[in-house]
Amino acid sequence: MFKRYDQKQQFLLPFNLEEFVPENHIARVLNDIIDVVNIDAIESTYSEEGCPAYHPRLLLKIILYGYLINIRSSRKINHMTQTDTAFMYLAAMQKPDFHTICRFRSTHLDSIKEIFSQVVTFCKEMDLIGPSISIDGTKVKANASPRQSKSSEALEKEINKILRESIEIDKQEDEMYGDSTPYQMPEELVDKKKRLDKIKAAKKKLDEEKLTKINITDNDARIMKHKDGSKKPSYNCQVAVDEKEQIIVAADVVIEENDLHQIEPMIENVKETLGCKPTIVLADAGYFSYDNIKFLLDEEIDAYIPDNFYEVEKRGKTKKFRRSLFTYDEEKDCYYCPAAFEIPFTRIQKRKDDTDLRYYVCNYCSLCVLKNACTESENRTISRDPREYLMENMRAKLNTEEGTEQYQKRMCTVEPVFGQMKQDRGFREFLLRGKRKTKIEFVMMCTVHNVKKIADFIKREGKSLKEILKMITGGGNECGDKWGITVGKANKLC
Ligand code: SF4
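Sequential numbering of the sequence shown, starting at 44, is according to our numbering.
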């Protein structure tokens with residue numbers, strides 16, 4: 044006995060789009076959010092004349108939903124609008140072609156940043172953010188082959204090779220056709236010319252920026268070492284993630300491989316999206332520098348950032364007596380070693396950044412029974428940066444119970460976010476090229492990450508987004524004004 048199965052069955056009533064996706068499907072949350080964000084900037088670029096265009100909200104929804112489920116190519120998105128019920132629901136059965144999707148994405152890249160900010164503000168209104176934020180970075184491969192990363196000499200060689208080959212083709216053409224030009228430039232030459240132009244542009248940039256290597260396909264990408272040890276043309280993606288619901292409150296893409304100079308820009312970025320500075324900031328040792336710690340102190344932000352040797356020394360992994368076993372006496376300007384000998388100040392070294400590095404050299408090592416455990420040199424030398432008190436204060440803070448607890452939050456706040464992006468959404472390589480476009484692509488990934496977090500929260504609370512918006516606004520339109528939602532659209536949800 045089977046249930047009735049008839050593909051030619053006629054339906055009495057037409058389909059309702061609302062039936063295409065289940066009640067708590069994430070496409071509905073994305074749909075409701077994009078329905079209320081302010082897209083005036085995008086709309087203002089459309090003309091009243093000509094054929095009616097696809098609605099920007101439709102295009103935004105299908106592009107962002109694509110990023111949510113690891114479908115980023117415009118051709119694939121177009122295909123999904125014909126085969127996938129969630130895409131059909133979001134597009135209201137319309138099927139924009141891939142040119143339209145691609146053009147919309149590249150034309151309105153910058154507006155995506157504004158939408159990201161609005162979604163973050165929405166999370167703030169929902170009380171999903173706080174109290175600490177963790178900053179971290181991850182390397183994401185550029186849309187470029189590592190083999191296309193070349194040095195100045197290699198580029199020069201390739202330019203000469205293409206020129207030689209082009210002259211050869213020209214010669215053959217001359218022999219065949221003489222002075223007559225029966226057709227346009229041969230395809231082979233067109234390809235070579237395009238490649239030559241690309242290489243010349245890359246070479247110019249390499250020389251101007253004094254780089255050792257440049258990638259011909261994506262000039263902005265830099266060779267970076269990934270966690271698995273491989274080296275690929277990549278970008279360094281930075282995020283600031285809140286502790287409460289793992290909402291990404293700030294995102295950026297940089298071309299510096301290390302994270303040392305990212306604290307200040309990320310804090311400024313957080314201020315821009317949240318409208319206020321964070322109260323507590325957590326980051327790993329890659330972000331430790333005296334400048335960064337000083338900046339955070341001046342900003343009155345409670346920071347928890349260990350220095351590079353903190354963990355190593357804490358685990359007792361240093362072969363010799365660790366530096367923290369030497370006590371500094373500020374009054375006498377000397378150190379006391381583990382054998383209780385006084386280590387006097389000996390000399391100053393001027394550094395490139397004009398700061399002084401002070402050296403303290405012990406005079407008793409040759410007599411000391413602890414020498415083997417302390418140093419391989421004749422005398423143990425300790426160097427001291429004038430701002431070293433910043434590191435000592437930070438270490439003291441991290442060593443307290445509260446400090447340890449705060450810093451441990453970092454691991455379960457920011458690290459899972461990269462895992463969710465890379466494992467769950469397959470974001471291991473950029474689709475777009477160049478710093479500007481990759482930045483926006485990353486912001487899109489962060490936007491859909493936040494949408495997913497909102498969807499999880501709603502599910503947990505057992506409420507709909509419409510109910511939550513109503514709670515935030517108290518049934519009125521206040522939230523629309525606060526986070527840029529157009530009042531009419533907010534009414535639609537509340
Ligand atoms: S080796 Fe020198 S610095 Fe080290 S404990 Fe002995 S006396 Fe002190």
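Here a beta-carbon is modelled for each residue, glycine too, at the ideal position from N, C-alpha and C.
query, result
"Looking only at its chain, what residues have a beta carbon closer than 8 Å to the beta carbon of K138, apart from the 5 residues adjacent to it on each side?", "N121, T124, Q125"
"According to DSSP, what are the bridge partners of R401?", "I391, R427"
"Quick check: does the Cβ of C377 come within less than 7 Å of any heavy atom belonging to the ligand SF4?", "no"
"Looking at the secondary structure, which residues open and close the beta strand (DSSP E) in which L325 lies?", "323-326"
"Return yes when the Cβ of P95 is within less than 8 Å of the Cβ of I82, no when it is not.", "no"
"I549 and A245: beta carbons closer than 8 Å?", "Residue coverage of the chain in this structure runs from 44 to 537, which leaves residue 549 outside it and unanswerable."
"Distance check for G505 and E61, CA to CA, integer angstroms please.", "19 Å"
"If we count the other Cβ atoms within 10 Å of its Cβ and call it buried at 16 or more, is Y330 buried or exposed?", "buried"
"Measure how close the beta-carbons of S192 and K270 come, nearest whole angstrom, since I'm counting them as under 8 Å.", "Not quite, the Cβ-Cβ distance comes to about 19 Å (not below 8 Å), so this is no contact."
"What whole-angstrom Cβ distance do K495 and L111 have, given they're in contact under 8 Å?", "7 Å"
"Run the CB neighbour count on S175, radius 10 Å, all protein chains shown included, and call it buried at 16 or more, exposed below.", "buried"
"Compute the minimum distance between the beta carbon of K337 and the heavy atoms of the ligand SF4, and state whether it is under 7 Å.", "no"
"At which residue ranges does the stretch 242-305 contain complete beta strand (DSSP E) runs of 3 or more residues, listed in the order of the chain?", "256-258, 265-268, 274-285, 291-297"
"If I follow the unbroken alpha helix (DSSP H) through S149, where does it start and stop?", "141-150"
"Helix, strand or coil: which one does DSSP assign to G93?", "coil"
"Does S175 get closer than 8 Å to chain B when you measure Cβ to Cβ?", "Protein chains in the displayed structure number just one, and chain B is not present."
"I believe N591 touches K275 by the beta-carbon criterion, under 8 Å. Please report the beta-carbon distance rounded to the nearest angstrom.", "As displayed, the chain neither begins before 44 nor continues past 537, which places residue 591 out of reach and without an answer."
"Please report the distance separating the alpha-carbon of R479 from that of E91.", "29 Å"
"Helix or strand or just coil, what does DSSP make of G109?", "helix"
"Judging by CA-CA distance, which residue of Q161, L410, K357, N415 is the nearest neighbour of K363?", "N415"
"I need the DSSP call for S192, collapsed to helix, strand or coil.", "strand"
"Within the present structure, is the beta-carbon of T418 separated from the nearest heavy atom of the ligand SF4 by less than 7 Å?", "yes"
"How long is the line joining the alpha carbons of G531 and D327, rounded to whole angstroms?", "For G531, the predicted model reports a pLDDT of 37, less than 50, meaning its position is unreliable; a value from the coordinates is still stated below. The straight-line gap from Cα to Cα measures roughly 44 Å."
"Go to G180, then tell me how far its beta strand (DSSP E) extends in each direction, as first and last residue.", "175-184"
"Assuming V284 contacts V457 (C-beta within less than 8 Å), just tell me the rounded distance between them.", "4 Å"
"Could you pull out every unbroken alpha helix (DSSP H) segment of at least 4 residues lying fully inside the stretch 342-383, listed in chain order?", "353-357"
"For a test of the three-state rule: what should DSSP assign to E61, helix, strand or coil?", "helix"
"Compute every distance between the C-beta of F364 and the non-hydrogen atoms of the ligand SF4, then say whether any falls below 7 Å.", "yes"
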